[in-house]
Every structure is written in structure tokens, then in C-alpha cells.
Amino acid sequence: MLDISLIRAKRDWVEGEIAKLNTKAPIAQIVALDSCRRELLTEAEELKHRRNVVSKEIGRMKEAEDRQAKITEMRAVSDRIQALDKQLRQVNEELREAMLWVPNLPHYSVPVGPDEDHNIILRDEGEPREEDFKLLPHWDLGPKLGIIDFERGVKLSGTRFYLLRGLGSRLQRALIQWMLDVAVDQHGYTEMHLPLMVRAEMMVGAAQLPKFADNIYHDAEEDFWWLGTAEIALTNVHRDEILPPDSLPITYVAYTPCFRREKMSAGRDVRGIKRGHQFDKVEMYRFTRPETSYHALEEMVEQAAYLCQALEIPYRVVEMCTGDLGFQASKKYDLEMWAPGCQEWLEVSSLSNCEDFQSRRANIRFRREKGGKPEFVHTLNGSALALPRVMIAIIETYQQADGSITVPDVLQSYVGASSISA
RNA sequence: GGAGGGGUGCCAGAGCGGCCGAAUGGGGCGGUCUCGAAAACCGUUGUGGCUCUACGAGUCACCGUGGGUUCGAAUCCCACCCCCUCCGCCA
């Protein structure tokens, strides 16, 4: 959520920034509702002041006649207040709802561009593999090795579901374990185990609702919402808190399954394990002071990139342009791994600085010093990494001429094997 | 799932419908005393909105949440959320 006073003071500038995002927001409506709200508020509060004063007088009055006269007068005042409050409630609700549809604004450093074709490839690491034999895509190699089972996944749950089997399952578990260990042991993150379903307010706080309701699994009976990413739960861990001085930065890492309806990408990426309704992910998360959040973002990019390097898989770092920033981010980087079988760059990580966009929604603040005024924290999130796509990259990159897969060095002790064969 | 109890400020804990933004104790912060510390004593200790002649002033709101009754609600009524205890059931 943006600061309403920013919209009030610099409306044209805000509208210009939103235009860069190649999206729309109900700014005109917000400005109108805001001024309406303040008019109603002023009148209501003046009347309430009068009522407070006179009501105290009534309490002290002895003469029944005087008393009754004042009570009659105040009855009218109260009726008016009630009417104003009712209007005010409605205006407030409309204003809040409208504010929830306004996207975050881009950081000044973000390149301006209408869509993903204008993203910037910052760097490219590692040589894409070329062989004299044909490198198979994972959807062929996986079933051949008995480590991915598409048919039975579909039998159980329908399209976009699959099973991992044997060393395939173990390889993924090894990756999860290894990535958590790196985050905790090398980078000092605190590991979290989270609820996978949360209340609707958490979805609003993390800026998933109201805009992305279509993409979220929802249990109507209990009103539980399933995580599309651990970011949603992590954002709300410190909801409605004022963090004491010296508590920042707070850094968390969590492994969770993620659930997405994928309504927007119906018919796309249906082959293989690239885009399922359920996938696993290790997520890094930080709460920082405003002045350190961009440094933190760069650190997180390096931490995610380290994983790609350690796995010895070619990857690249892409900086999102304004048109591809999404709803919550002020600045965002993607990490992509090269999958030589399906000949595709796969997004394995997305790292964002949301500044105070989520912390305003979820009301997460901190104090610089004892007695200082509460300020909103900055929140950052980044995958480290998304499992299915890393699995694809490993399976395709490490395949051998005999059809087996060599296990990357860093994972061998976790997998308990150096290669996977049929 | 059944029965009961409860949600008040940083914590504990009071609170006849007006004198309650809230007693009292503890904690924190500042000070007196002290070579220093402890003890004792004194003072202080929330968040948000709006307005303005704006490093300040005024005002409104906030005692789980949302409504209602009333001239006036922490106090009365309704709904919801959460917590605790006991019983039942269960990985």
C-alpha cells in the first residue's frame, strides 16, 4: 500500500510512475474519496467535541428542566453524528479497497520499459553444455530413469501434477536440505517452519489479495488460503508489531510447498515439471531498515547466485524493467538457469525489494531508538531456489551418454550416491 | 465435538453508565542521594487520524474485533475472533 499523503501531495508524479509499470490504478477515485473523507471527518469530529463537552455538563446538572433541554439538543447532535459516521465508514471502506489495488512504485534505478523484452541481462555465468549426443529434455529422461512419473501424478490429481520417485525424490530432498543449510550456516538466516494455509488478512498483508484471488487455492468452509509462496506467511510473522531498536535486520529462510492455480498460464508450460499446481521452494526473507534494503537486495542476489555456481549450472541474472516488476516490488531481479534438454532459460529465483509496500499493509514497524517514533520496515524476499526448475536443470545438464545422471558434487553426500541410473 | 472461564496500557492487575486514556504494583527511562552500585525518594512512560497562524497547538478515536442501546459506554446488548481449563475423539 502506498502512503495516501504521497498521493495527496504528488498526484501527477504518482500517476506517471504507475504509467511506467504499464498498468492502471484508481488514483482519481482515491483522491476524491480522500477529500470526501476529510470533509466528513472534520464535521463529525467537531460535533463529537461538542457532544463530549455538553455530555459532561449534563452529568453535573441538577435542574431537571435544564437537563432535559440539553439532552434533547444532544439527541439531535447524536443523530447527525451517527449519520456522518455511517457515511464515513462507507467512504473509508471504499478508500481502503481502492488503495489495495494500487501497485508499488518502481525504484528510480529500475530501467523503464513496457514488458519483459526490455529486461536487462546483467550477467551470464558458465558455458552452456554442448555434446555430441542429443541431450534429452527432462520429460523424456525422468520417466526413463524412473525418477519422474507423470501418468500416475495425473491419475492422482489431474493435469500439472507428477510424482518424484526413488532417487528423484531423494535428489529433491537433498537440494532442499543443502539449500537450507547454506542459508543457515553460511548466511546466518533463521530457519522457519510455517503454516501452509493462512487467514485472508495475511493474503492482503502480503499483497496477494484482493488482486490475485483467482490464482490462490481457498478453503471456503474455514476461510483458509493456501500459500502460493512462503513469502506470504513470512511477511506476516511480524504483522502488527513494533520491532524494538537493534532487532533489525531479521532474516528468515523457509522451505515450503507452494500452491498455485495457474489460471493465468492455462495451456502454457504444460509439459514436464516446470509449472505445476504444487511445487517446493526454499525462500529467503528479510526485514530491514529503509536505508539498508537495497544493499540487502544485492546480497540476496549473490546468495541465490552462489547456489547456481555451486551446482555448476550456467545461469544469468536479469534485472526486471518497470513493465515486468509485478505488483509488490520496487525492484526485482530474476535468476535463470539454462536447461540444455528443453533449450530454455528457467526462472529459478525471483528476488524483490518491496520497500514499505507490504509493511504498510501488514503494519510492521520498528523504532530506531528507545522512545523514537515507529517507522515502517522494508521487506525483501527471494527464492533460494525453486525446486522443480533446479531439478530440470540438474537432470538435463548432468546427463551422460549412457542415459544416467551424475549427481552434482555438492549434493553427493546428501543424496548418498554419485549417479542416478535406470 | 461437549461444558465452563476469560480477553484492559511494556507486564501483572483493578475498574457503581458521567469525576476513566483508565487505580495499584512491577518493569523501562530521567533525576536526587553515592567514590560507584544497591536501596530509598521524586518525576516520566502508548498508537493512529484530522485541522491549524505548524520544530508547536487543538481535536477525535482506540480497554480482542465489528455493530447496537444511551445526552454520555472499558462498563449494558448482539455477533464474530482468539486464549485457557475439564471431558470426548484423534496422527
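In case it helps, this note's numbering puts the first sequence at residues 5 to 426. Just so it is clear, CB atoms sit at the ideal spot from N, CA and C, and this is done for glycine as well.
Item                                                                                                                                                                                                 : Value
Take the Cβ of residue 118 as the centre, count every other Cβ of all protein chains shown within 10 Å, and call the residue buried at 16 or more, exposed below.                                    : exposed
Taking C-alpha atoms, which residue in 29, 34, 79 lies nearest to residue 55?                                                                                                                        : 79
Taking residue 301 and residue 384 to be in contact with their CB atoms under 8 angstroms, please state how far apart those CB atoms are, rounded to whole angstroms.                                : 6 angstroms
Cβ of residue 316 within 8 angstroms of Cβ of residue 392?                                                                                                                                           : no
Note the first and the last residue of the continuous beta strand (DSSP E) segment covering residue 219.                                                                                             : That residue, residue 219, is in no beta strand (DSSP E); it is neither H nor E in DSSP.
Who are residue 403's beta bridge partners in DSSP?                                                                                                                                                  : 409
Would you be able to state if there are at least three C-beta pairs under 8 angstroms between the stretch 269–277 and the stretch 287–297?                                                           : no
Could you name the residues that DSSP lists as bridge partners for residue 286?                                                                                                                      : 259
Looking at residue 288 and residue 257, is the spacing between their C-beta atoms short of 8 angstroms?                                                                                              : yes
Quick one: is residue 305 buried, meaning 16 or more other Cβ sit within 10 Å of its Cβ, or exposed?                                                                                                 : buried
To the nearest angstrom, how far is it from the Cα of residue 353 to the Cα of residue 426?                                                                                                          : 30 angstroms
Which residue spans inside the stretch 91–118 form an unbroken alpha helix (DSSP H) run of at least 4?                                                                                               : none
Taking DSSP as the reference, what is the three-state secondary structure of residue 152?                                                                                                            : strand
Hey, how far is the Cα of residue 137 from the Cα of residue 112?                                                                                                                                    : 47 angstroms
Do residue 218 and residue 279 count as a contact pair if the criterion is CB distance below 8 angstroms?                                                                                            : no
Give every residue of the same chain whose Cβ lies closer than 8 angstroms to the Cβ of residue 419, excluding the five residues on either side of it in the sequence, and list them in chain order. : 171, 174, 175, 178, 411
With the cut-off set at 8 angstroms, would you say residue 35 and residue 11 are in Cβ contact?                                                                                                      : yes
Is it right to say residue 230 is buried, meaning 16 or more other beta carbons lie within 10 angstroms of its own, or is it exposed?                                                                : buried
Which term fits residue 362, buried or exposed, when burial requires 16 or more other beta carbons within 10 angstroms of its beta carbon?                                                           : buried
Secondary structure at residue 36, three-state DSSP: helix, strand or coil?                                                                                                                          : helix
If you reduce the DSSP assignment to three classes, tell me which class residue 361 lands in.                                                                                                        : helix
May I ask which residues mark the beginning and end of the beta strand (DSSP E) holding residue 196?                                                                                                 : 194–196
Would you kindly work out how many angstroms separate the C-alpha atoms of residue 159 and residue 201, rounded to a whole number?                                                                   : 25 angstroms
Rounded to whole angstroms, how far is the Cβ of residue 307 from the Cβ of residue 191, which I believe are closer than 8 angstroms?                                                                : 5 angstroms
Does the stretch 142–159 come into contact with the stretch 330–350, if we say contact requires no fewer than three beta-carbon pairs (one atom in each stretch) closer than 8 angstroms?            : yes
Considering Cα atoms alone, identify which of 399, 164, 216 is closest to residue 408.                                                                                                               : 399
Tell me which same chain residues have a C-beta within less than 6 angstroms of the C-beta of residue 284, skipping the five on either side of it?                                                   : 261, 391
Counting along the chain, where does the alpha helix (DSSP H) carrying residue 206 start and finish?                                                                                                 : 204–209
Residue 243 and residue 209 look like a contact to me (Cβ under 8 angstroms); what is the Cβ gap, rounded to whole Å?                                                                                : 6 angstroms
Start and end of the alpha helix (DSSP H) containing residue 125?                                                                                                                                    : Premise fails: residue 125 lies in the beta strand (DSSP E), 124–129, not in any alpha helix (DSSP H).
Is residue 201 helix, strand or coil when you go by DSSP?                                                                                                                                            : strand
Cα-Cα, which of 214, 236, 114 is closest to residue 326?                                                                                                                                             : 114
Could you have a look at residue 233 and say whether DSSP puts it in helix, strand or coil?                                                                                                          : coil
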